[in-house]
Amino acid sequence: MGQYESSSTLTFVNFNIYLSVRLGIDILLADKYEPLIGKKIALLTHIPATDSKLIPTISHFVNSKIIDTKLIFAPEHGLFSALQDQVFVKDIQQKSIPVVSLYGKRLSPPLKILRTIDIVVIDLVDIGTRYYTFIWSAILMIKIMAELHKKIIVLDRPNPLNGITVQGPVLEEKFSSFVGLYPLPVRHGMTIGELCNMINREYKFDADIIIIKMEGWKRKFYFPDCGLYWTIPSPNMPSFETAWVYPGMCLLEGTNVSEGRGTTRPFEIFGAPWIDEELLVKELRHKNIKGVEFRPLKFIPTFHKYQGMVCGGAQVYVKDLKDFDPVCLGLEIISTIKRLYPKKFAWRKPPYEFEKKKMPFDILIGNSWIREAIEKGRPVSLMKRRWSKDLERFKRMRQKYLLYD
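As structure tokens, then:
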């Protein structure tokens, strides 16, 4: 029925014949907002969070005559998901309802205004990667609501990268930041509801959380299996194909290599003015990285790194979902560029994502030893072997928090 098979090459779904997954918001609407009636509500959301018919959750809440929505909270990129990365979000009004920013002068919601609220509803589009900040806005909200002994309702959504595969190193706690507040691997294989529940319990927030589960979602599903429309959660996440490479290609943010922002294929395209695209692709092909192909190209970013400059680089194509490890891909690309251009390549310096001291690459990957290993020319296979034990421990721990299958 048009599904991805986890062991096969990419295919596309026919939306007209394969509509299976009902989202948390769909279930809440079917229940006519039952748990919210008579309560003062705050909503943490953004426009990409819609029901399965593409009506934004915020529209349902603001226009409903049977619930009392007092406040809206907006994560990174703003309520309309229009702002570029690391641009502060300002407080605004939406149909006379205050919209309070959780990305800028504050990352946590003010206690004062939450005291006036009975329930916070969270509906955010996550993409299954530790450094995508929406999950951390949700966690900081849950932590404060726990202190106030008030209820949180999480409207669950699919992990677009499936709910089985877990990849990359687990964050070391001393590298905690807003791109990773608690120890997760880069690719965690959980839904936002499962993550909120797990962190709440493991770190003893003792918050009163209700997860409104999806119906029809299977852990083996990639996003196109869900029969849902892709809604762009941030300006540089235009498609599922972007999300698929993001867990590894976002690591380029910690370097002076362009991750493709300012192009029409961010995170799939990468490079720099000093890179010979033919040589780079030749070296990457020699590595026989599983599940991918590379195409040499030149590109001119319209904004961000190397704006208006001709860059040599490549586009990455995922050809096999089963074999593909995006984290290892990102590390192989960085290692190769560092080896080919030792005098041109550089690690990005802080500040980055509200962190003023630690190296941006370190808080992304979750440790400093991988950067040091790249400096020494160590193979990525050895790095993966070193993080595998922590990854296995995480898999065992998360098992009791899985809500599906």
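First residue of the sequence shown? That's -4 in our numbering, and the numbers climb one at a time after it.
A virtual CB, placed ideally from N, CA and C, is assigned to each residue, including glycine.
Paired residues, beta bridge with residue i - DSSP
{"i": "M347", "result": "The sequence given here places Tyr at residue 347; Met does not occur at that position. Looking at the DSSP assignment, Y347 forms a beta bridge with E350."}
{"i": "C306", "result": "F294"}
{"i": "F170", "result": "According to DSSP, which records beta bridges pairwise, F170 is partnered with nothing at all."}
{"i": "P180", "result": "V165"}
{"i": "F342", "result": "This sequence places Trp at residue 342; Phe is not what is there. For W342, which the question treats as bridged, DSSP gives the partners T250."}
{"i": "T40", "result": "D118"}
{"i": "R393", "result": "Bridge partners of R393: none, in fact."}
{"i": "R381", "result": "Partner(s): none; R381 has no beta bridge."}
With 16 other Cβ atoms within 10 Å as the buried cut-off, status of residue i
{"i": "V305", "result": "exposed"}
{"i": "A37", "result": "buried"}
{"i": "H55", "result": "buried"}
{"i": "Y224", "result": "exposed"}
{"i": "K338", "result": "exposed"}
{"i": "N9", "result": "Interpretation of N9 is limited by its pLDDT of 42, a score under 50 that renders its predicted location unreliable; the figure taken from the coordinates is listed afterwards. Exposed."}
{"i": "G33", "result": "exposed"}
{"i": "R256", "result": "buried"}
{"i": "K277", "result": "exposed"}
{"i": "Y237", "result": "First, the amino acid is wrong: residue 237 is Thr here, not Tyr. With 16 or more other Cβ atoms within 10 Å, it is buried."}
{"i": "L49", "result": "exposed"}
{"i": "I284", "result": "buried"}
DSSP three-state assignment for residue i, whether helix, strand or coil
{"i": "Y312", "result": "strand"}
{"i": "S2", "result": "Any reading at S2 is ruled out, since the residue's pLDDT is 32, under 50, leaving its predicted position unreliable."}
{"i": "G158", "result": "coil"}
{"i": "L386", "result": "helix"}
{"i": "L398", "result": "coil"}
{"i": "E288", "result": "strand"}
{"i": "S376", "result": "helix"}
{"i": "S330", "result": "helix"}
{"i": "R366", "result": "helix"}
{"i": "W239", "result": "helix"}
{"i": "G175", "result": "strand"}
{"i": "K35", "result": "strand"}
{"i": "P321", "result": "helix"}
{"i": "F265", "result": "strand"}
{"i": "K359", "result": "Before going on, a small fix: residue 359 reads as Leu here, not Lys. In this structure, L359 counts as helix in the three-state DSSP scheme."}
{"i": "L150", "result": "strand"}
{"i": "R256", "result": "coil"}
{"i": "R280", "result": "helix"}
{"i": "S214", "result": "This sequence places Arg at residue 214; Ser is not what is there. In the structure shown, R214 sits in coil (DSSP, three-state: anything other than H, G, I, E or B)."}
{"i": "Y336", "result": "coil"}
CB contact flag (residue i, residue j, <8 angstroms)
{"i": "Y217", "j": "L156", "result": "yes"}
{"i": "P182", "j": "P242", "result": "Strictly speaking, residue 182 in this sequence is Arg, with Pro absent from that position. The answer is yes: Cβ separation under 8 angstroms."}
{"i": "E273", "j": "G266", "result": "no"}
{"i": "F356", "j": "G249", "result": "yes"}
{"i": "R122", "j": "L247", "result": "The sequence shown places Ile at residue 122, not Arg. Not in contact: I122 and L247 (Cβ atoms no closer than 8 angstroms)."}
{"i": "S253", "j": "H72", "result": "no"}
{"i": "V149", "j": "I207", "result": "yes"}
{"i": "I87", "j": "T64", "result": "no"}
{"i": "T128", "j": "V174", "result": "yes"}
{"i": "D46", "j": "I62", "result": "no"}
{"i": "P30", "j": "F68", "result": "no"}
{"i": "I187", "j": "L119", "result": "yes"}
{"i": "K215", "j": "I112", "result": "no"}
{"i": "V375", "j": "V313", "result": "no"}
Next item on the list: Note down, one range per segment and in chain order, each beta strand (DSSP E) of at least 3 residues found wholly within the stretch 45 to 133.
Entry: For the stretch 45 to 133, whole beta strand (DSSP E) runs of length 3 or above, ordered along the chain, are 63 to 69, 87 to 89, 92 to 96, 114 to 118.
Notebook entry, point to check: Which runs of the alpha helix (DSSP H) spanning at least 4 residues fall entirely within the stretch 187 to 211, listed in chain order?
Noted result: As far as the stretch 187 to 211 is concerned, its whole alpha helix (DSSP H) runs of at least 4 residues are 187 to 197.
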